[in-house]
Structures are given as C-alpha cells and as structure tokens.
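Chemist: Residue numbers (the UniProt record's numbering): 1 to 835. For glycine and all other residues, C-beta sits at the position ideal for the given N, C-alpha and C. The structure displayed is predicted, hence computed values, not measured ones. Can you keep this structure in mind? I'll have questions shortly.
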C-alpha cells in the first residue's frame with residue numbers, strides 16, 4: 001500500500017528505488033532501482049523485484065520505496081534558464097546597499113508603519129517589508145498597486161503560493177472596473193473560489209470579457225444546435241426511411257436505367273458523328289500531306305537556284321562594269337575627237353587669213369591642216385568602233401541582268417514553296433493530333449456507352465417500374481428526397497461556416513490572452529508561473545511586489561526581482577515557514593560559500609533574523625500593529641517569536657464567538673492518547689475525534705470558517721478524509737498549506753502526547769534547524785485564527801517543557817481569555833451539541 005499521493009503526471013514513467021529501511025535516513029543511503037509492474041489501482045504499487053535486486057539489498061529485512069518526480073526538477077531547470085537569461089537586476093543588488101526611504105504624502109487608512117511600507121512599495125529601489133501575521137500587508141500592497149495604476153505604471157504581484165497571490169488579487173480587483181487591468185495567471189483549480197468565480201479576473205475570463213466570447217460563442221453554439229436540429233434534417237430522414245421501406249431502391253435503379261438509356265442514345269449519336277468527323281480529318285490529312293510533298297519537291301532545288309542566282313548576279317555586275325568602262329573610254333575618245341575637229345577647224349580658218357598668203361605661213365598651215373584632218377579621221381574611226389563595243393557590252397549586261405532577275409524570281413518561288421511545305425506540315429500535325437484525341441475520346445465514349453448499356457440491361461423493365469412509381473407516389477417521394485438533400489446540403493454549408501466562425505473566435509480569444517499577458521498593467525501569478533509562462537519571459541514591470549517572500553526560494557526571488565525597473569518590494573515574515581529546500585551537507589569551501597543562498601530566506605541573506613536586526617537594516621520596514629486575532633493570541637507569538645514587536649488593535653465584531661479566545665484541549669488523561677506511525681509520518685486518532693467534537697460546538701455558528709493545522713502530513717490527510725466523509729465545512733492541512741490563510745476558528749493539533757518530545761513542542765528560534773522550523777510552524781498555526789484558537793496537546797508536557805514555544809502557551813494559564821479543558825469533556829460537550 002502507498003501512503004504518498006501520486007505524482008502530478010501519474011505513477012507511470014517514474015523511476016522507483018528500494019532503500020534499506022535501517023539506512024534510509026542516511027545522507028546517501030544505498031538504493032536499488034526497480035520497475036513498476038503495472039499502473040497501480042486503489043493506492044497499491046506492484047514492483048518487479050528480481051533476484052539481482054534481492055542480492056543488491058544484502059541483509060535488509062525491511063525496505064522503503066522511493067520514486068523520482070521530475071516535475072519539480074523540470075521547474076527548477078526552467079527557472080535556471082530564466083535566471084541565466086535575465087539581463088539586468090539592479091534593484092535586487094540595491095538591497096545590499098544602504099537606503100534612505102523617502103517621505104511621501106499620507107495615505108488614508110494606513111497607520112505609521114504601514115505608511116512606511118507603502119512608501120517602500122512605491123519608491124525607487126529595492127526594499128524589504130517585514131509583516132507579521134495580521135499586520136495589514138495585503139492592505140498596503142493593494143493601496144500600493146492602486147497608486148501605481150493611477151500613475152500609469154505596470155505591476156507584478158507574485159508569491160510562491162496561489163493563496164498569497166489571491167489574497168492580494170481579491171482586494172486589488174475591487175479597485176478597478178475594467179477587464180484586462182488586473183490579470184490573474186493560474187489554473188482555476190488552484191485559485192481561491194472568489195478569484196476563480198470572478199467575472200473577468202483570470203486571464204481566461206478577462207480575454208473572454210474583452211472579446212465578448214461567452215455571448216458570441218453561445219450565439220454560434222445556438223446556431224449550430226439549431227442547424228443540427230433543423231426540421232429539414234429530420235424530414236429528410238423520414239423520407240429516406242420511407243423510401244428504404246418501400247420500392248424506393250427499385251425505383252432508383254429504374255431511374256438510373258432511364259438516365260442510362262438516354263445517355264446511351266446520346267453516346268451512340270456522338271460515336272456516329274465522331275466517325276464522320278474522323279473520315280473528314282483523314283481526307284484532309286491526305287490532301288495536306290500531298291500538297292506538302294509537292295511544295296517540298298519545289299523547294300528541293302532551292303540550294304542550286306540560290307547558287308545560280310549568285311553566279312548570275314556576279315556576271316551581271318561584271319557586265320555592268322564593262323559597260324561603264326567602255327562608256328568611259330568612248331567619252332574620252334569623243335572628247336579627243338572634239339578637240340581634233342576644233343584643231344582642224346582652227347587650222348582651216350587660219351588658212352583664210354591674209355597672213356596665210358605668206359609662203360612660209362601657207363606651208364606650215366597646210367601641214368597643220370593635214371595632220372589635224374588625219375587625227376580627226378583616226379579618232380572618228382575609233383569612236384565608231386568604241387560605240388559599237390559599248391553597244392555590245394550593253395546587250396551583254398542586259399542579258400546578264402535578265403538572267404539574274406530570272407534566277408532570283410525562281411529562288412523566291414522556291415522559298416515560298418518551302419514555307420508552304422512547313423505550314424502544311426504543321427497543319428497535318430494538328431489534324432493528326434486532333435484525330436488522336438478524337439480516337440481516345442471515342443474509346444472513352446464507347447466505354448461509357450458500354451457502362452450505360454450495362455445499367456440498362458440490368459433493369460430491362462425500367463419503364464414499367466417508373467410507371468408504377470409514378471402511380472404509387474414513390475417517384476414523388478424521390479423528388480422530395482432530392483429537394484431536401486439540397487436543403488440539408490445548404491445546412492451543411494452553413495454549419496461549416498459556423499465552425500470556421502468558432503475557430504476564428506478561438507484564435508481571437510487565444511491572441512487576446514497572449515496580448516493580456518504581454519501588456520496588462522497588473523499581472524498576478526506565482527513565482528513558478530512567472531518562470532514557465534512564455535508570454536511573461538520578456539516582460540518587465542515598473543513595480544514588482546513579492547508577497548510571502550520569506551517562504552520562497554532565492555533563485556525565484558532573484559528572477560522576479562530582475563523584472564523590476566522602478567520599485568522592488570519583498571514582503572513577508574521570516575518568522576513563519578522558511579523556503580522548502582533539499583540541500584546536501586556542505587563539504588567543500590564552495591559548498592559552504594553558497595549554502596546560505598540555498599537554505600536561508602531573503603531576509604536572512606540581508607542579516608534580518610530578529611526584531612533588532614530588522615530595525616537596524618535601512619532597507620527593511622517592519623509592521624507592528626496586528627488587526628487579525630485577539631490580543632491573547634498575539635501575546636503567545638509575541639513572546640516566543642516577535643520579541644514584543646506586535647501591538648494589537650483587534651476588535652471583535654461577532655457576538656457568536658466570544659471569550660475564551662484560546663482553548664487548550666488536554667489529552668494527558670484520556671485513555672486513547674497517543675500517536676500512530678504511518679510511513680515516515682504520524683497520525684493522531686484522538687485528535688480526529690476532537691476535530692468533529694469541536695466542529696459540533698460551532699455547528700450553530702452559521703458562516704463561521706474553520707481550519708485544522710497540524711505538523712504532520714499523514715494526520716492532515718486523515719483529517720481531510722474525515723471532514724470530507726462527514727461533510728464538515730473544515731479545511732485541513734499542515735502549516736505550509738495554510739500560510740497566508742485565516743479562519744474564524746482554528747484547531748491546532750500539536751500532536752504531542754506523554755511520550756517523547758515531539759516536533760512542535762521543540763519550538764525554539766535560538767535552537768537548531770529542527771527547533772527553528774518548529775517555532776515557525778507553531779507561529780503559523782497559532783496566527784491563522786481570527787476569533788478562537790483550539791490547541792490540542794498534552795498539557796503536562798507543555799507545562800514542563802522549557803522551550804520558548806511551550807513556555808509561551810503555558811503562560812496563558814490564569815488569563816481571563818484562556819480556558820483549559822480535558823479531551824473527555826471536549827468530546828462530551830461536542831457530542832451533546834451534536835445531539
């Protein structure tokens with residue numbers, strides 16, 4: 001049987017170990033890993049213990065079972081990454097330097113010490129606020145947050161427990177009226193009822209309020225429900241059922257046969273037309289191919305024609321050049337002939353002048369005339385000959401040019417034939433492709449025709465069946481079904497649109513949640529959520545306030561403090577529960593150097609361990625006046641914890657619960673006194689009976705809240721089971737569970753019998769670690785009560801134990817507001833009240 005609750009992710013997937021019970025409490029006990037046989041039921045674990053495991057356990061006769069829960073380890077790993085990524089934390093460093101808290105205008109509703117605490121939560125720098133139970137820490141935090149909001153500053157409210165966060169959030173929420181101003185991050189099952197039921201406080205509800213999600217989603221869901229239950233869907237089902245029970249299927253087959261007959265007829269016509277078109281295309285293809293062949297033949301001589309054209313062109317150019325040269329030569333001869341004629345004319349004219357009669361002149365002129373005449377005759381003959389040559393050359397050039405022109409014309413004709421051959425080839429290709437496509441279509445058409453004919457052949461009497469269906473109304477029912485099928489198809493389309501609309505709303509809702517986490521003025525969450533929520537990874541805040549800081553681990557506090565840009569306040573009570581850590585013994589110098597960072601609280605790290613050191617520290621503000629519980633209760637913790645720091649300003653406004661405010665239920669003379677071992681913890685059977693008896697004493701006090709606090713988890717579990725079974729309105733738990741909570745009536749079971757000295761009885765702040773933790777546990781348990789405190793224990797042990805905690809309780813004897821009753825009397829009174 002297992003006495004431990006299952007891990008968050010269930011038993012499967014965890015590593016299990018067997019430890020020798022005699023050495024299990026050693027700092028490093030021997031252990032053997034074993035496997036889980038199957039997922040346990042009814043709180044039973046079955047493990048696979050092999051022969052090798054038995055040998056490894058040696059002479060052990062009793063073993064303990066331990067398992068490794070990776071959940072907390074994963075959280076620590078994520079925290080480590082976050083701390084490593086934190087780029088600046090100047091206000092955390094400020095805490096180790098002297099500070100002067102500035103004066104600020106008085107705030108209504110705060111006493112002097114609360115005013116200083118308010119200044120610490122609204123001023124530049126890092127500060128410690130020591131607030132013993134009931135001194136109004138939450139009230140101050142709420143006013144500080146309200147001030148920050150009024151100044152447009154962002155605030156992070158965080159603590160290591162959900163209860164501490166919610167105590168602040170419940171009051172802060174009353175100061176704002178708009179969703180998204182204060183956002184609580186956390187699973188609803190872990191929040192207080194008031195916070196989880198608030199209309200827009202959690203991030204989910206805030207996003208829902210901003211997007212009007214509830215109303216819009218309800219509208220969509222109503223439309224979907226209306227769509228699903230639409231009469232057309234129901235009527236379609238009725239029609240389909242009627243057709244299935246009648247001749248609907250037979251008539252549908254006949255209608256398909258009718259459609260198939262029509263289809264077959266049209267397909268047959270298509271096949272006939274396809275044959276005609278195919279014949280035409282084949283004829284066109286043959287004609288085009290013949291024309292293409294003829295054009296290709298005409299174009300085949302194109303290379304020779306081009307060569308002939310080039311040769312004729314060269315010959316024509318040469319002939320033209322010869323004509324030009326001949327004409328140039330003829331022109332030159334004609335010029336010389338002209339000059340010769342001019343010379344002969346001039347000589348002949350000179351023969352007629354008076355000087356020609358002179359003998360010497362006449363002889364010279366005659367010779368001149370003769371030579372000019374001879375030259376004229378020669379040149380005339382040459383000109384005549386040249387003119388004949390030019391004419392010959394001209395005729396030859398004309399013939400060459402004609403030949404070149406004719407050759408060029410033949411080339412043009414051949415090139416045209418070539419282009420035509422190409423065009424015809426392309427046309428033939430198109431016709432051939434069309435024919436191939438037509439043939440493929442014909443094959444498909446024939447297959448469709450065959451299928452249609454098969455459907456027709458399957459129902460040869462389809463005409464008779466259709467006639468019968470028309471007569472008995474089945475045909476009309478089929479038409480009605482088709483009509484409603486279309487209507488339902490429209491409904492289905494509308495349904496798809498609604499589904500899309502819902503998805504868009506969900507997306508808008510998710511984006512709004514992320515946006516709130518990234519931008520909301522006030523974020524409230526636990527330290528674990530701060531380190532694991534992706535949207536908060538890069539957020540910084542003007543003000544960071546950490547409540548119950550004395551109970552949180554230092555790495556978490558450093559990470560939270562690294563997010564503060566203007567003001568950082570660690571608020572808590574170092575005389576209540578300290579951080580829960582599991583550290584090994586310090587061995588090396590490095591281990592010893594960092595040990596206090598692992599074990600001490602944030603106040604102790606700054607040397608604040610008692611009233612005197614708190615009042616000396618310039619970075620620490622101490623609250624003195626408590627308003628929660630009667631002075632007699634304050635006197636107990638004032639004596640063994642707070643060194644007289646606390647002053648009481650408590651007034652009872654409830655006539656249902658009056659003095660005595662502290663009742664000690666003495667178990668020393670009861671025959672059933674004694675504790676019972678349960679695993680590594682303890683239970684107190686008599687204490688369970690007393691819980692019910694004390695509850696019965698207050699049964700008539702309607703609205704009275706009640707809590708049970710004890711030092712051992714096993715007893716807390718049994719008390720919780722009892723109250724659940726008996727339906728008693730009582731919350732039960734250890735001091736760690738109840739820190740930050742308060743009840744009208746508190747039952748504190750010291751679980752101290754007449755045997756050896758138990759844990760709570762060892763309460764001593766000046767003692768060892770166990771005694772200090774007992775003092776803090778006792779402090780928490782006592783200060784949860786607002787009106788009456790019941791302490792269950794052995795009065796003789798309390799009276800005779802010289803520890804500060806027990807002395808403080810024993811000193812109540814004789815006080816007017818204190819009562820000592822025996823367990824037997826308490827049980828009798830409780831039974832009488834019940835009856």
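Helix, strand or coil: which one does DSSP assign to residue 16?
Modeler: Note: residue 16 maps to strand in three-state DSSP.
Chemist: For residue 219 and residue 234, what's the separation of their Cα atoms in angstroms?
Modeler: Between residue 219 and residue 234, the C-alpha separation is close to 22 Å.
Chemist: So if DSSP puts residue 66 in a beta bridge, which residue, or which two residues, is it bridged to?
Modeler: Answer is 17, bridged to residue 66.
Chemist: Just to confirm before moving on: does the CB-CB distance between residue 164 and residue 155 stay below 7 Å?
Modeler: In this structure, residue 155 does not lie closer than 7 Å to residue 164 by Cβ.
Chemist: Any idea what DSSP makes of residue 627, helix, strand or coil?
Modeler: If DSSP states are grouped into helix, strand and coil, residue 627 belongs with coil.
Chemist: If you count every other CB in all the chains shown that lies within 10 Å of the CB of residue 695, and 16 or more means buried, which is it?
Modeler: Label assigned to residue 695: buried.
Chemist: How long is the line joining the alpha carbons of residue 641 and residue 669, rounded to whole angstroms?
Modeler: Taking the straight line joining both Cα atoms gives about 30 Å.
Chemist: In whole angstroms, what is the alpha-carbon distance linking residue 298 and residue 290?
Modeler: About 13 Å.
Chemist: In angstroms with no decimal places, state the Cα-to-Cα distance between residue 367 and residue 402.
Modeler: Distance between the alpha carbons of residue 367 and residue 402 is about 52 Å.
Chemist: Note down the Cα distance separating residue 863 from residue 653, rounded to an integer number of angstroms.
Modeler: No information on residue 863 is available, as it lies outside the stretch 1 to 835 that the chain covers here.
Chemist: Please determine, among 48, 719 and 17, the residue with the shortest C-alpha to C-alpha distance to residue 727.
Modeler: Measuring from the Cα of residue 727, the nearest candidate turns out to be 719.
Chemist: Three-state secondary structure (DSSP) at residue 759?
Modeler: Coil, per DSSP.
Chemist: For the alpha helix (DSSP H) that residue 103 lies in, which residues bound it at each end?
Modeler: No alpha helix (DSSP H) holds residue 103; DSSP gives it neither H nor E.
Chemist: So is residue 222 buried or exposed if we call it buried at 16+ other beta carbons inside 10 Å?
Modeler: Classification for residue 222: exposed.
Chemist: Alpha carbon to alpha carbon, how far is residue 825 from residue 665?
Modeler: If you take the alpha carbons of residue 825 and residue 665, they lie about 9 Å apart.
Chemist: As a quick exercise: from 427, 330, 424 and 350, pick the residue whose alpha carbon is nearest that of residue 385.
Modeler: For the residues 427, 330, 424 and 350, the minimum Cα distance to residue 385 belongs to 330.
Chemist: Give the DSSP-derived three-state secondary structure of residue 108 in the structure shown.
Modeler: The answer is coil: DSSP assigns residue 108 none of H, G, I, E or B.
Chemist: Looking at the structure shown, is residue 93 part of a helix, part of a strand, or coil, going by DSSP?
Modeler: In the structure shown, residue 93 sits in a helix (DSSP, three-state: H, G or I).
Chemist: Should residue 587 go down as buried or exposed, given a rule of 16 or more other Cβ atoms within 10 Å for buried?
Modeler: Reliability fails at residue 587, whose pLDDT of 47 lies under 50, so the model's placement of it is uncertain and the value that follows must be treated cautiously. The residue in question, residue 587, is exposed, as its Cβ has fewer than 16 Cβ neighbours within 10 Å.
Chemist: Go ahead and pull the three-state DSSP assignment for residue 822.
Modeler: If DSSP states are grouped into helix, strand and coil, residue 822 belongs with the strands.
Chemist: With three or more C-beta pairs closer than 8 Å as the rule, is the stretch 241-261 touching the stretch 474-481?
Modeler: Yes, the stretch 474-481 is in contact with the stretch 241-261.
Chemist: By Cβ distance below 6 Å, which residues in the same chain neighbour residue 449 in space, the five residues on each side in sequence not counted?
Modeler: Cβ within range, chain order: 264 and 267.
Chemist: For residue 808, which three-state DSSP category applies?
Modeler: Residue 808 falls in the helix class under three-state DSSP.
Chemist: Mind listing, in chain order, the continuous alpha helix (DSSP H) runs of no fewer than 4 residues lying wholly within the stretch 671-722?
Modeler: List check, alpha helix (DSSP H) in window: 685-697.
Chemist: Just the Cα atoms here: how many angstroms apart are residue 2 and residue 712?
Modeler: The predicted model places residue 2 with a pLDDT of 49, which falls under 50 and marks its position as unreliable; any figure quoted below should be read in that light. Straight-line Cα distance between these residues: approximately 17 Å.
Chemist: Quick check: the Cα distance between residue 755 and residue 674, rounded to an integer number of angstroms?
Modeler: Taking the straight line joining both Cα atoms gives about 8 Å.
Chemist: List the whole-angstrom C-beta distance separating residue 746 from residue 522, where the pair is believed to meet the contact cut-off of C-beta under 8 Å.
Modeler: Going by Cβ atoms, the distance from residue 746 to residue 522 rounds to 31 Å, so no, they are not a contact pair.
Chemist: Could you spell out where the beta strand (DSSP E) holding residue 789 opens and where it closes?
Modeler: Run containing residue 789: 785-793, per the beta strand (DSSP E) assignment.
Chemist: Just to confirm, is the Cβ distance from residue 545 to residue 560 under 7 Å?
Modeler: No. Outside cutoff.
Chemist: Buried or exposed: where does residue 630 fall if 16 or more other Cβ atoms within 10 Å of its Cβ makes it buried?
Modeler: So residue 630 counts as buried.
Chemist: Three-state secondary structure (DSSP) at residue 200?
Modeler: Three-state result, residue 200: coil.
Chemist: Just to confirm my understanding: we take residue 107, look at its own chain, exclude 5 residues before and 5 after, and list those with CB closer than 7 Å. What are they?
Modeler: Closer than 7 Å at the Cβ level, and outside the excluded window around residue 107, lie 115, 118 and 143.
Chemist: Considering only the alpha carbon of each residue, which of 161, 208 and 214 lies closest to residue 191?
Modeler: Closest option to residue 191, Cα to Cα, is 161.
Chemist: Using a 10 Å radius around the Cβ and a threshold of 16 neighbouring Cβ atoms, would you call residue 511 buried or exposed?
Modeler: With fewer than 16 other Cβ atoms within 10 Å, it is exposed.
Chemist: In this structure, does DSSP put residue 664 in helix, strand or coil?
Modeler: In this structure, residue 664 counts as strand in the three-state DSSP scheme.
Chemist: Where does residue 740 sit, in a helix, a strand or coil, going by DSSP?
Modeler: Three-state DSSP puts residue 740 in coil, outside helix and strand.
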